[in-house]
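Asks: Chains as they are written, first to last, in the numbering used here: chain A, 1 to 303; chain B, 1001 to 1280; chain C, 2001 to 2158. We put the CB at the ideal spot given by N, CA and C, even for glycine. This structure is a prediction, so every number in the text was calculated from the model and none was measured.
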Amino acid sequence: MTKFTNFLGKLDSLDRRIIFLIIAVVVLIPLLVPLELPVETTQLTEDAFNALDDLPQDAKVLLSFEYGPSTKPEIHPMAISVLRHLFSKGNQVIVMCLWPDGLFMANEALELVARDEFGLTYGEDYVNLGYRPGNEAVIKGITKSFEANFSVDSKGVPITTIPIMHDIQTAKDVDFIFSLSAGYPGAIEWVLYAGDPLQVPVSSGNTSIQVNQLLPYVKSGQMRGIVAGMPGAAEYETLVIEKIMHRKGLLTEKALTLLPNFQERRNATKFMDAQSIAHLVIVLFIIIGNISYYVKRKNQRKY
Amino acid sequence: MYIGILGAWIAVFLTLSILSYLYEDNVFYKLAEHIFVGVSAAHWATIAFWNQVQPNLFGRLWPRAEVASLEGFNKFWYSIYHGLHVLFSKIFPEDTVNGVLYRGIGDQPQNMTYIFAFILGLFMLFRLIPKIGWLSRWSLAYVIGMAAGLRLYGYMSSDVIGQIHATMLPLWTGNLGDSINNIILIVGVLTGLFYFFFSVEHKGALKVVSRVGIYFLMIYFGASFGFAVMGRISLLIGRFNDLIEYSGQQYGFATPILLVIMIVVLIFTTRKNKKEAEEA
Amino acid sequence: MSKRYAQKVVNELEDLGATVTLGELKWGSHVQGQNTYYRWVFYSFFTPLSATMFALLAFFVASASYRAFKIRNVEATVLLLAGILIMLGRVPLGAYLTAWTQNISWLSWLHLPVIQEWIYQYPNAAGARAIMIGIGLGIVGTSLRVILGIEKSFMGGD
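1) Check each candidate in A:Q300, A:V127 and A:V295 and name the one with the smallest Cα separation from F4 (chain A).
2) What does V191 (chain A) touch in chain B if you count any residue whose Cβ is under 8 Å from its own?
3) Give me the Cα-Cα distance between G183 (chain A) and K243 (chain A), rounded to the nearest whole angstrom.
4) Can you check which of these residues, C:A2076, C:G2136 and C:F2046, is closest to N290 (chain A) by C-alpha distance?
5) When you compare the CB of M78 (chain A) with every CB in chain C, is at least one pair closer than 9 Å?
6) Among A:V202, A:Q57 and A:K270, which one has its Cα closest to the Cα of G90 (chain A)?
7) Name, going along the chain, the residues of the stretch 86-112 of chain A whose beta-carbon falls closer than 7 Å to a beta-carbon of chain C.
8) Count the other C-beta atoms from every protein chain shown that fall within 10 angstroms of the C-beta of H76 (chain A), then say buried if there are 16 or more, exposed otherwise.
9) What residues in the stretch 1199-1230 of chain B have a beta carbon less than 8 Å from any beta carbon of chain C?
10) If you measure beta-carbon to beta-carbon, which residues of the stretch 198-211 of chain A are closer than 9 Å to chain B?
11) For S2063 (chain C), which residues in chain A fall below 8 Å Cβ to Cβ?
12) Can you check which of these residues, B:V1209, B:G1204 and B:I1035, is closest to F1196 (chain B) by C-alpha distance?
13) Determine the contact status of L120 (chain A) and M96 (chain A), defining contact as a CB-CB distance below 9 Å.
14) Closer than 7 Å, Cβ to any Cβ of chain A: which residues of the stretch 2086-2109 of chain C, in chain order?
15) Anything in chain C within Cβ reach of N290 (chain A), meaning under 7 Å, just list it in chain order.
16) Which bits of chain B does G2127 (chain C) rub up against, with CB to CB less than 7 Å?
17) For the stretch 1016-1034 of chain B, which residues have a CB atom closer than 7 Å to at least one CB atom of chain A, in sequence order?
18) How should V1100 (chain B) be labelled, buried or exposed, when 16 other C-beta atoms within 10 angstroms of its C-beta is the threshold for buried?
19) Would you say N234 (chain A) reaches chain C, if we count a Cβ-Cβ gap shorter than 9 Å as a contact?
20) Indicate whether the contact test is met: 3 or more Cβ pairs, each with one atom in the stretch 5-23 of chain A and one in the stretch 2056-2073 of chain C, closer than 8 Å.
21) Counting only C-beta atoms, is W2027 (chain C) closer than 9 Å to chain B at any point?
22) Please confirm whether A234 (chain A) and A268 (chain A) have their CB atoms less than 9 Å apart.
23) What are the residues of the stretch 1237-1270 of chain B that lie near chain A, defined by any Cβ-Cβ distance shorter than 7 Å?
24) Report the neighbours of V127 (chain A) on chain C: residues whose CB is nearer than 9 Å to its CB, in chain order.
25) Which residue spans inside the stretch 2065-2149 of chain C form an unbroken beta strand (DSSP E) run of at least 3?
26) Can you pull the chain C residues whose beta carbon is under 8 Å from the beta carbon of G183 (chain A), in chain order?
27) Under 8 Å: do the stretch 68-75 of chain A and the stretch 23-37 of chain A share three or more Cβ pairs, one atom per stretch?
28) Got a sec, what are the start and stop residues for the alpha helix (DSSP H) S1079 (chain B) sits in?
29) Name the residues in the stretch 2034-2051 of chain C whose C-beta lies less than 7 Å from a C-beta of chain A; which are they?
30) Assuming P2092 (chain C) and M272 (chain A) are in contact, meaning their beta carbons sit under 8 Å apart, how far apart are those beta carbons, in whole angstroms?
31) Following the continuous alpha helix (DSSP H) through A228 (chain A), name the residue where it begins and the one where it ends.
32) Measuring only the C-alpha atoms, how far is L98 (chain A) from I1219 (chain B)?
33) If we ignore side chains and look at the alpha-carbon of each, how far apart do M2155 (chain C) and Y122 (chain A) end up?
34) For P163 (chain A), return the contacting residues in chain B, with the cut-off set at a CB-CB distance below 9 Å.
35) Any contact between the stretch 1227-1246 of chain B and the stretch 2138-2146 of chain C? By contact I mean 3 or more CB pairs, one from each, below 8 Å.
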């Protein structure tokens, strides 16, 4: 027993490189050997999903990309799922970016979903207005005039000539604002400068780190649900498959043929196994760290 | 195709270089770090210039116009454009269509008020010249004043009044569970706010209120910690997924080859440093 | 691609009978266009560097959890418990480990996602709201000071 307690006491000064190695191994193994744990959806993700799902077919959604490669694993699967959800219902999507990297993320997502999967027409079914620096000033600007802030889209085409923008003068003319946000500017600015003043419904898909800051907006109804980090992305992917599959009569023909693809390409869901094991290991680290700390203190008091 | 494979090898090399920092600070990490700083700065500058400055600033000062139809002030104004075209022809293009000469950028209407934005922008850059660096304070004052004005209303309306309004919940809703939840929310917000109220000393009953507030705040910080761990692990999973993808045959087994090379080099340099340290 | 290589491709296509027009990309469209060198540099250099820099923090978070997260008092215990319940309840493993509680009605509240959701939506939301109101009041106060000229530190003044 003494040997064991001495060993526990020594664990307190374990070389951190061993901890790094353990973390690397526990993240890597589930990626190579999936456990396929089922994903349970949470209320807030369902609220965000239902808020978009309840939109009528002719609704126009403003989708704002505020993330970059550093947070792509968390938010990009959400972006793809949201686009699939909206296009499968026949909604039109207006994309804009408040982060410069968001432009590349938006192009990537639109190329995959709008162009390759759904074969939609740029300018009629969706448009990418591009990136504008200015943070919340851009949001404030589009509450007055889209054309003043985005005179041309990301391809240099004047927005007055783009069919989807014909009856969109200000942010008030869109039916929903969905922000894919990793920081500043992001969902908070959309709520403060567009959602609340114009009373346009807002929801958001965020990194896990930002989620807790946004929770008060969700609880107060200023945001309609929230898709929280990679678990949220996995939940949204699951909802897109489950709920849409049960409403085949309401889907566009193209969406029906793509359903098996959606089932297969659920990136966030695949990653949840690794996330689960890593969390368990970190919890074990905390418990072992505390046990060894107390054993070490006890041994020191003895002597 | 080959450029794609080269890109994959570069991506794997840079990823493994950054991760090598976990072993110890080394030449691979230093190289990757410096590349990151350079590429990031260049990327932001490029995107900001070609997405905003060129089309939206210069494009509004000098929208595309037929040279022959220019008159009055615009004739002089576009002659300045021509001078800029001679210096920077790619940024200030001119073109001829069916024998007609056009100068300018884009098709939006001309808006000369953007000259003030241009001047303030230049003032901001003067910060780099010590003698006239004081001019940048004008630009800074504009930006900070604008931000203060925007935030004053936004945060007061949404964060303060909106949240206080949302905290006004019924103590009894008819359902015991909902009522308890509402009471927890109200008590948590009030005691949490009280913890930061230092105008009265926290003693006696007020000390109890403050302590309750601390516990609610600790729950918030604990949840934030949990979410932070979740976020970081998610990003790591994304990187590992890319490394696994690039270890395949179609990318020339980039990951395993580069990993082995790096491990060998790191072991060699560690032993060499150890030897030198012992000799010293 | 370079002009010479592009002309070579055009010549080959025209030999096959296609009608091809060669045009120069508008300057500035290099940040937009597909298959441009800019995009290649973005995905080969910037993306892995940026993503890995942030991913590196996962290891340090784990190491910090092991070394620094010690239960020294009641507050730290509350923080720790909240963190652990959120971490386990948010992932499928937490649901899987406590799935058996769903079959027993009086134990169904012990299902980790249920506990996690309650902590997240009520006590945690209360703390978050308190912090948000506090920060909001601070921002309003500071903004007023800037507008009224009382706050001059950003200009290098007192």
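Replies: Checking against the coordinates, here is how it stands:
1) A:V295
2) S1158
3) 30 Å
4) C:A2076
5) no
6) A:Q57
7) F104
8) buried
9) G1213, I1214, Y1215, F1216, L1217, M1218, I1219, Y1220, F1221, G1222, A1223, F1225, G1226, F1227, A1228, V1229 and M1230
10) T207, S208, I209, Q210 and V211
11) R16, I19 and F20
12) B:V1209
13) no
14) M2087, L2088, R2090, V2091, P2092, L2093, A2095 and Y2096
15) K2070 and I2071
16) G1188, G1192, F1216, L1217, I1219 and Y1220
17) L1022 and Y1023
18) exposed
19) As written in the sequence, residue 234 (chain A) is Ala, which differs from the Asn given in the question. Answer yes: the Cβ-Cβ gap between A234 (chain A) and chain C drops below 9 Å somewhere.
20) yes
21) Reliability of the predicted coordinates at W2027 (chain C) is poor, the pLDDT of 48 falling under 50, and the value obtained from them is presented with this limitation in mind. At least one chain B Cβ lies under 9 Å of W2027 (chain C).
22) yes
23) I1237, G1238, F1240, N1241 and I1244
24) The contacting residues do not exist; V127 (chain A) stays about 14 Å from chain C at best.
25) none
26) The premise fails here: G183 (chain A) is roughly 11 Å from chain C at the closest Cβ pair, so nothing lies under 8 Å.
27) no
28) F1073 to L1087
29) F2042, F2046, T2047, S2050 and A2051
30) 5 Å
31) From DSSP, A228 (chain A) is part of no alpha helix (DSSP H) but of the beta strand (DSSP E) over I226 to A228.
32) 32 Å
33) 46 Å
34) Here the premise fails: no neighbours, minimum Cβ distance about 17 Å.
35) no
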